[in-house]
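What follows is one structure encoded as structure tokens, with my remarks underneath.
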Amino acid sequence: MSNVKRLVYVLIAVALLALPIAATVRAQDKVVVTWWHISTNEPEKNFWQTVTDEYMAANPNVQVEITVLENEAFKSRLVTVMQAGDPPDLFQSWGGGVLWQYAEAGLVRNIAPELEGEWKDSFSAKAALELYGRNGEYYGVPWTWGAVGVFYNKALFAKAGIENTPTTWAEFLDVVKKLKEAGITPISLGEKDKWPGHFWWVYLAIRLGGEQAFLDAYNRTGKFDAEPFVKAGEYLKELADLQPFAEGFLGLAYGDQAAAMGNGTAAMELMGQWAPAVQKGNSTSGEGIGEDLGWFPFPVVEGGAGNPNDVLGGGDGFSVGMNAEPEAIAFLKYLTSADIQRRAAEIWVLPTVAAAEDALTDPVLQTIIKARNEAPYFQLYYDQFLPPAMGQVVNDGVEKLFAGIITPADLAAEIEASAEKELVK
1 MSNVKRLVYV LIAVALLALP IAATVRAQDK VVVTWWHIST NEPEKNFWQT
51 VTDEYMAANP NVQVEITVLE NEAFKSRLVT VMQAGDPPDL FQSWGGGVLW
101 QYAEAGLVRN IAPELEGEWK DSFSAKAALE LYGRNGEYYG VPWTWGAVGV
151 FYNKALFAKA GIENTPTTWA EFLDVVKKLK EAGITPISLG EKDKWPGHFW
201 WVYLAIRLGG EQAFLDAYNR TGKFDAEPFV KAGEYLKELA DLQPFAEGFL
251 GLAYGDQAAA MGNGTAAMEL MGQWAPAVQK GNSTSGEGIG EDLGWFPFPV
301 VEGGAGNPND VLGGGDGFSV GMNAEPEAIA FLKYLTSADI QRRAAEIWVL
351 PTVAAAEDAL TDPVLQTIIK ARNEAPYFQL YYDQFLPPAM GQVVNDGVEK
401 LFAGIITPAD LAAEIEASAE KELVK
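Heads up: the sequence shown at position 173 corresponds to 173 in the numbering used here, and the numbers run straight through without jumps.
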């Protein structure tokens, strides 16, 4: 064999041996995007997996690794990885004070350059988007946003002889009394998780003090122990004294609260726009109460300074960890595209992208998005807008008020004491 042929054979052999190595290198070149979300129920859990699989099929260089966690477990685990300086690339976020603290610690990535232009302009819920940024920087985007209100069981209202939904606090208390007289649990509440109960106190503070009372207290030109906040506790105690909740509600979790509505064993639930899906997911049948489910805004408090159309609410979004690669940003942009938002809206989501709003067909969700869009003042949940430590004081204090451990004035004083430490101006 000539030296030339021998050299050719050697080169071919080397090339053949290199093929598996090259293939391995290409496989290892995939960019891994870690994504944590809290959609544990169907159909949303399967929806996220489906759209992720579609994305990876279209982008074979990207491997998205999803971690699905229950709400409270997610919050606890996120704190742990943040303290370790190792956040996921994308993670569930509600914006506001908690996210801003992560930003101050350098734990999240500013995506303002990628967001600028068409992507930013696509969002209809501008107030929601701003909660994911500060001082011109953005650390994430909202993918669903809505209003907290009262979900109710039309069949149970009819059984109790209630013909109209209440519009004032006095009418609301009358509804509670009529439901109790009919042997029906008026309100479902899982206060073990605390955050569901804080909705009641915050909404009363909004109705009594309006936007100005909160801004004054937050900016430290006023205080959280001012009259509207004390009275909010007094009105809430008035409700609690009627014993409108299921026995043992202080030990029930949010899943139990949703199950009571989904199974038709309670008449009302104060909750956000995600409630119908969670009610179904926790119901025995998996279907909830169907067309018997209705919704009405939180009642007006007579004589209160708040606008009747003011809304407490929020939603969900995804923030970006500090080490996220550009591929994570591209995936996030895909999740909030009009196509994905429209598909999600057909299932359970109140979209934040204007081009997807026409996909909403559920009458309950249509009512909620109308309230969201028409609200003159939109207040994010206190336990998300306020610094984390202060938000915890609110949640703990409201729980103690429900338990009869503290007075309304004590609750307001505890929150103000926390504000003096946390809201440094």
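We treat Cβ as the ideally placed atom computed from N, Cα and C, and that holds for glycine.
Taken through DSSP and simplified to helix, strand or coil, V148 comes out as coil. Excluding residues up to 5 positions away in sequence, Q384 and P388 lie with their Cβ nearer than 7 Å to the Cβ of V98 in the same chain.
A contact is defined here as three or more CB-CB pairs under 8 Å, and the segment 71-90 meets this definition with respect to the segment 30-50. Looking only at D29, G85, L386 and D310, the smallest Cα-Cα distance to V62 is reached by D29. Of the other Cβ atoms in all chains shown, 16 or more fall within 10 Å of the Cβ of R109; this residue is therefore buried.
The C-beta distance from T167 to Y152 rounds to 13 Å, too long to meet the 8 Å contact threshold. In the three-state DSSP reduction, Q379 falls in the strand class (E or B). Of the residues G404, W100, E346 and D410, the one whose Cα lies closest to the Cα of T144 is E346. When DSSP states are grouped into helix, strand and coil, V424 belongs to the coil group. By the criterion of at least three beta-carbon pairs nearer than 8 Å, the segment 190-197 is in contact with the segment 394-409. Separation of the CB atoms of G313 and V148 is rounded to 5 Å, and the pair is thereby assigned contact status at 8 Å. When the Cα atoms are used, V79 and Y139 turn out to be separated by approximately 17 Å. About 20 Å separates the Cβ atoms of W201 and G251, ruling out a contact at the 8 Å cut-off.
Here the segment 215-228 makes no contact with the segment 316-324; the two share fewer than three CB pairs at distances below 8 Å. Put simply, the backbone Cα of Q243 is about 25 Å away from that of Q392. Assignment of Q279 by DSSP, reduced to helix, strand and coil, places it in the helix class. G146 sits close to Q273, with the two beta carbons spaced by under 8 Å. In the DSSP assignment, D316 falls within the beta strand (DSSP E) that extends over V311 to V320. Collapsing the DSSP output to three states places R134 in a strand. Between W94 and K333, the C-beta gap is not smaller than 8 Å, which leaves the two residues out of contact. Spanning the alpha carbons of N135 and E374 requires a straight line of approximately 26 Å.
By DSSP's assignment, H198 forms no beta bridge with any residue.
Remark: C-beta atoms of G281 and E42 approach each other more closely than 8 Å. In the DSSP assignment, E104 falls outside any beta strand (DSSP E) and within the unbroken alpha helix (DSSP H) covering G97 to E104.
Rounded to whole angstroms, the gap between the alpha carbons of V349 and R342 is 9 Å. For I347, there is no enclosing alpha helix (DSSP H), since its DSSP letter is neither H nor E. The Cβ atoms of S283 and A267 lie no closer than 8 Å to each other. Taking a C-beta distance under 8 Å as the contact criterion, V68 and T52 do not qualify as a contact pair. I187 and A246 have their C-alpha atoms spaced approximately 7 Å apart. Annotated as proximal: I369 and L360, with beta-carbon spacing under 8 Å.
Ranking F172, M261 and E181 by CA distance to the CA of L239 puts F172 first. Counting every other CB atom within 10 Å of its CB across the protein chains shown gives Q257 a total of 16 or more, marking it as buried. Under the criterion of beta carbons closer than 8 Å, L131 and F123 do not qualify as touching, at roughly 11 Å. Between K178 and A155, the C-beta gap is not smaller than 8 Å, which leaves the two residues out of contact. A182 has its alpha-carbon roughly 37 Å from the corresponding atom of P376. Apart from the 5 residues on each side of it in sequence, D362 sits with its Cβ closer than 8 Å to the Cβ of P276 in its chain, given in chain order.
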